[in-house]
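Visitor: Take the sequence shown: its letters are residues -16 to -1, 1 to 403, numbered as in mature numbering (1 follows the signal peptide of the UniProt record, and there is no 0). We put the beta carbon where it would ideally sit given N, CA and C, even for glycine.
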Amino acid sequence: MRRLLMLLLVQRRGAAALARHRVVFLGSPKVAASTLDALLGVETVDVVAAVSQPPAKKGRKKVLQPSEVHALAEARQLPILTPVKASDPAFLDALRSLQPDLCVTAAFGQFLPAKFLEIPKFGTWNIHPSLLPKYRGAAPLQRSLEAGDEVVGVTVLETVLKMDAGPVVARARRPVRDDDEADALLTELFLTGLDLLVDQLPNLWDGTVDYVEQDDDLATSAPKIDATEARLDLSSSSCIPDARSIAKRAADKVRAFAPWPGTWLAVKAPDGDVLRLKVLRARVAGTDALNSHPHIAGDAIRVPCADGSCLDLLTVQPPGKKPMDARAFWNGLRQRLGREFHRPAALMATICINPRYGQCGGVDDDNDGNPWSDDHDACCSDGFECTYSSQHCSQCLPTSFGSSTSGCASDDDDCDGTI
């Protein structure tokens, strides 16, 4: 009897493998297009349509352009749907007419309502580039890299109404390497996720998927990256407890935010203008106690941080220019950049150049018994003064900014985020 049951199971699996189940793919950006391209090569499924965000205005000229998934679908002569909202009745009718067995989502970017989730026969599976329940949200890998995680991963899960909270189908882990970059790593994770998904399809068709519920108590969020977060702060330790050095935090952020929105430092150009220098690649360097100013170190511009750690800038992009090696940028400046390299604190401001002062002030150089008088301005660049609400929140700011502006709130005496 047992042999008969096993034989029936094998026969069912064989029939399921021969059947080309109907799949609808939902995604929008480049990484989703790579995933769709790989899915189109899977012989056991029939991708009957793709769904993407509507065309959007892009570039300086704001030309209406389709998403990368939309463009790929057209190139492969695949039907494409571009609803403004997934709850649109006309879109839902079109989806029903496709009679999908399964919907697969990868960076689609829209909430899927209950009326959508009811349509595919076997449900909707999502490829999510994090080890859920950690990093639920729009930017999971970027937030993981920004946090300095040593291991990242990808999860395949069933889509439910609550964002990224459905039961887990499969997951895979991946150690973070020093040379990993967010874009390439994101593509790798999505393709790994697709492999996991395809491996589980026979179990889906015969109803033997071993779903594992997520523990909501362990969930963390991964909100969308905003361009306003792009500034690199090399001036002070985070008000949020963090064991990493300032340079390590900065290097992690550079990797997480490249290529968009990128990260930036403020640099005073030869004409006196303060420019935003985009930092595309960086690494943590050893401490450099003998040189407290930015300087060339091999192929990098080495920038000292307030805690004594050092950040090596490897690839930068000046405003209006193409990305270039940091050394080439340095060589192109005709002034002594070392004394004009500004670490942004608030409102394009700078901090004390010499890390031994902390942020600024705190050392009684003139022996008058008061380290917060004349001596603290000596550590700031010309045109800047040490503006502070306490020893912890001092910053070198342009003289014209006045004493109400600092790296922390003006009344935040202990730099704990409260006034």
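Report, in whole angstroms, the separation of the C-beta atoms of P67 and V8, which I expect to be a contact under 8 Å.
Guide: About 12 Å separates the two Cβ atoms, so there is no contact after all.
Visitor: Is it buried or exposed, W314, if we count other Cβ atoms within 10 angstroms and call 16 or more buried?
Guide: buried
Visitor: Looking at the unbroken alpha helix (DSSP H) that takes in E102, where does it start and where does it end?
Guide: Where E102 is concerned, there is no enclosing alpha helix (DSSP H), given that its DSSP letter is neither H nor E.
Visitor: Taking the alpha-carbon positions, what's the residue 411 to L188 distance?
Guide: Since the first residue shown for the chain is -16 and the last is 403, residue 411 is missing from the structure and cannot be characterised.
Visitor: Tell me whether the beta-carbon of V15 lies closer than 7 Å to the beta-carbon of F174.
Guide: A contact, by the Cβ cut-off of 7 Å.
Visitor: Closest to Q198 by CA distance: which of R161, R120 and L249 is it?
Guide: Comparing Cα positions, the closest option is R120.
Visitor: Distance, Cα to Cα, Q94 vs F75?
Guide: 13 Å
Visitor: For I209, does the three-state DSSP call read helix, strand or coil?
Guide: coil
Visitor: To the nearest whole angstrom, what separates the beta carbons of R127 and A206, a pair I think is in contact under 8 Å?
Guide: With a Cβ gap of about 4 Å, R127 and A206 count as contacting.
Visitor: Can you list, in chain order, the stretches of the alpha helix (DSSP H) that have 4 or more residues and sit fully within the segment 136 to 208?
Guide: Look at the segment 136 to 208 and you find these whole runs of alpha helix (DSSP H), each 4 residues long or longer: 166 to 189.
Visitor: Bridge partners for V88 per DSSP, in chain order?
Guide: F9 and W109
Visitor: State buried or exposed for A90, treating a residue as buried only when at least 16 other CB atoms are found within 10 Å of its CB.
Guide: buried
Visitor: To the nearest whole angstrom, what separates the beta carbons of L170 and L125, a pair I think is in contact under 8 Å?
Guide: 5 Å
Visitor: Can you tell me the Cα-Cα spacing of P245 and H5, whole angstroms?
Guide: In a straight line, the C-alpha of P245 is about 39 Å away from that of H5.
Visitor: Touch check for the segment 95 to 106 and the segment 48 to 65: three-plus C-beta pairs under 8 Å?
Guide: no
Visitor: Applying the 10 Å Cβ sphere with the 16-neighbour rule, what's the burial state of R233?
Guide: buried
Visitor: Looking only at its chain, what residues have a beta carbon closer than 6 Å to the beta carbon of K118, apart from the 5 residues adjacent to it on each side?
Guide: T204
Visitor: What does the alpha-carbon distance come out to for the pair A290 and L264?
Guide: Each residue's alpha carbon lies about 21 Å from the other.
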